[in-house]
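Participant: So the number in the numbering used here is just where the residue sits in the sequence shown, counting from 1, plus 1. Glycine included, C-beta positions come from ideal geometry on N, C-alpha and C. Owing to the predicted nature of the structure, the values given are computational and were not obtained by experimental measurement.
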Amino acid sequence: MSSISNDQMVVEILNFFYPKNTISEHDVTEQLGDLAAEMYAEALEASAAMHLVPRPTYTPSMSWLIKEGVKAFWRSRGEEEIYESVRVTVALKYKSKHQMGKLGI
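1) Is the separation between the beta-carbon of Val11 and that of Val29 shorter than 9 Å?
2) Do Met40 and Phe18 have their C-beta atoms within less than 9 Å of each other?
3) Taking Met91 and Glu43 to be in contact with their CB atoms under 8 Å, please state how far apart those CB atoms are, rounded to whole angstroms.
4) Going straight from the alpha carbon of Leu36 to that of Ala73, what length do you get?
5) State the Cα-Cα distance for the pair Ser62 and Gly70, rounded to the nearest angstrom.
6) Taking Cβ positions, are Val1 and Ala38 nearer each other than 9 Å?
7) Quick check: the Cα distance between Asn7 and His27, rounded to an integer number of angstroms?
8) DSSP on Tyr19, reduced to helix/strand/coil?
9) Once DSSP output is grouped into helix, strand and coil, what is the label at Leu33?
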């Protein structure tokens, strides 16, 4: 996995995933850059999969399924956004690596 070389971008990504445990640019290491790249890639992949999940409303009919398919297509073609549930899941998955990276371990 390639690292993110821009320290400011690494800070923004890590602070997005850990808003209560922020870091600054002088705390960024190569290990944290690699971690930020890995976390961001995983979050984008998971959010892309979330675009395909139909939004439940009522007992589905054939027209509802077709409409939901079209909506899922348009969501997947839109901007790259990270769902809150994905952000929390990725943050929990990488919490130990993040803490160890901040300590330089």
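Facilitator: By the coordinates alone:
1) Yes, they are a contact pair.
2) Result yes, Cβ atoms of Met40 and Phe18 sit closer than 9 Å.
3) The amino acid at residue 91 is misidentified as Met; the sequence shows Val. Confirmed, Cβ separation roughly 6 Å.
4) The straight-line gap from Cα to Cα measures roughly 30 Å.
5) Looking at the two C-alpha atoms, the distance is approximately 12 Å.
6) Only positions 2 to 106 of the chain appear in this structure, which leaves residue 1 out of reach.
7) In a straight line, the C-alpha of Asn7 is about 12 Å away from that of His27.
8) Of the three classes helix, strand and coil, the one that applies to Tyr19 here is coil, per DSSP.
9) Helix.
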